[in-house]
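>
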Amino acid sequence: MTDKKRIELKIYGGIATVNCYLLKVDSGFILIDTGPSSKRDSLEDELEKEGCKVGDLNLIIITHGDSDHTGNVAYFRQEYGAPIALHPDDEGMVQTGNMSHNRKVNLLVRILFALPFIKLKKSDRFKGDIDTDDGFDLGDYGLNARIIHIPGHSKGSIGIITADGDFYCGDIFSNTDKPVLNSIMDDLDAAHSSIRKLEKLDINMVYPGHGDPFPMKKFQKTMQ
Numbered sequence: 001m002t003d004k005k006r007i008e009l010k011i012y013g014g015i016a017t018v019n020c021y022l023l024k025v026d027s028g029f030i031l032i033d034t035g036p037s038s039k040r041d042s043l044e045d046e047l048e049k050e051g052c053k054v055g056d057l058n059l060i061i062i063t064h065g066d067s068d069h070t071g072n073v074a075y076f077r078q079e080y081g082a083p084i085a086l087h088p089d090d091e092g093m094v095q096t097g098n099m100s101h102n103r104k105v106n107l108l109v110r111i112l113f114a115l116p117f118i119k120l121k122k123s124d125r126f127k128g129d130i131d132t133d134d135g136f137d138l139g140d141y142g143l144n145a146r147i148i149h150i151p152g153h154s155k156g157s158i159g160i161i162t163a164d165g166d167f168y169c170g171d172i173f174s175n176t177d178k179p180v181l182n183s184i185m186d187d188l189d190a191a192h193s194s195i196r197k198l199e200k201l202d203i204n205m206v207y208p209g210h211g212d213p214f215p216m217k218k219f220q221k222t223m224q
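Here UniProt numbering is used: the first residue of the sequence shown is 1, the next is one more, and so on.
1) Residue range of the beta strand (DSSP E) that residue 197 falls in?
2) Can you tell me whether residue 172 is helix, strand or coil according to DSSP?
3) Would you kindly work out how many angstroms separate the C-alpha atoms of residue 162 and residue 140, rounded to a whole number?
4) Can you give the Cα-Cα distance for residue 184 and residue 169, rounded to whole angstroms?
5) When the Cβ atoms of the region 123-131 are set against those of the region 148-163, are three or more pairs found closer than 8 Å?
6) Whose C-alpha, out of 20, 59, 205, is nearest the C-alpha of residue 67?
7) Rounded to whole angstroms, how far is the Cβ of residue 133 from the Cβ of residue 147, which I believe are closer than 8 Å?
8) Using DSSP's beta-bridge definition, name the partner residues of residue 18.
9) Compare the Cα-Cα distances from residue 63 to each of 216, 215, 6, 209 and report the closest residue.
10) For residue 234, name the three-state secondary structure that DSSP assigns.
11) Residue 208 by DSSP, collapsed to three states: which one?
12) Give a yes or no on contact between the region 97-110 and the region 52-62, applying the rule of three or more CB pairs nearer than 8 Å.
13) What residue from 193, 116, 71 has the CA that sits closest to residue 9's CA?
14) If you draw a straight line from the C-alpha of residue 29 to the C-alpha of residue 5, how long is it?
15) I'd like to check one pair, residue 117 with residue 38: are the Cβ atoms closer than 9 Å?
16) Measuring straight from C-alpha to C-alpha, what distance separates residue 84 and residue 122?
17) Rounded to the nearest angstrom, what separates residue 195 and residue 57 at their Cα positions?
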């Protein structure tokens, strides 16, 4: 079983939170998502507490391109020397800083994404090192897991499913009150297709980008 640490960071003045996950593997660590740049010190402190120092980070996996998940990617790649795994369909978001890139979000969300504290600052923009797509094997990085492409929230959204049945889902689900489909969607039909795809997998626990982890069965009950 993989040791895991949920790192919950406060965002937007404390009215919401976002999760990063630090996984301990035999050869070091893997970080799933990095939070916003405003919480860089908090994230680095948490990694230090867990014993993850420069040179210990094998890989940073980005579940999707939103700035509250990617704000520290460029910094951690430079400081820790870890390569970045990202789905190519979300490359445009992190290279331009525009969270509406390649998305069919409504006008209200588009205005929200254009706010200065939502856009990815120039100094925090980056290009991924490793293109991840459906079935990408993480064994070379010390983790018995694979990537699942789950478009819906964004075209390049991915999840990570481990051999233990843990599923790190990014923002297709959230659980701030109860497990639900995320309220912001690029393509709702694609999201429902992604859920049908996930229902065929042996998922035990879901680790969302926002809110508490939950059993997959709990989400399935809410959908009945």
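Glycine included, C-beta positions come from ideal geometry on N, C-alpha and C. Bear in mind the structure is a predicted one, so any value in this text is a computation, not a measurement.
Based on what the coordinates show:
1) Note, residue 197: premise wrong, no beta strand (DSSP E); alpha helix (DSSP H) at 188-199.
2) coil
3) 14 Å
4) 15 Å
5) Contact between the region 123-131 and the region 148-163 is absent: fewer than 3 CB-CB pairs across the two stretches fall below 8 Å.
6) 20
7) Right, their Cβ atoms sit about 7 Å apart.
8) In the DSSP output, where bridge partners are listed per residue, residue 18 has 9.
9) 209
10) Nothing can be reported for residue 234: it is not among the residues displayed for the chain, which extend from 1 to 224.
11) The three-state secondary structure of residue 208, taken from DSSP, is strand.
12) As far as the Cβ criterion goes, the region 97-110 does not touch the region 52-62, which means the pair count is below three.
13) 71
14) 11 Å
15) yes
16) 17 Å
17) 31 Å
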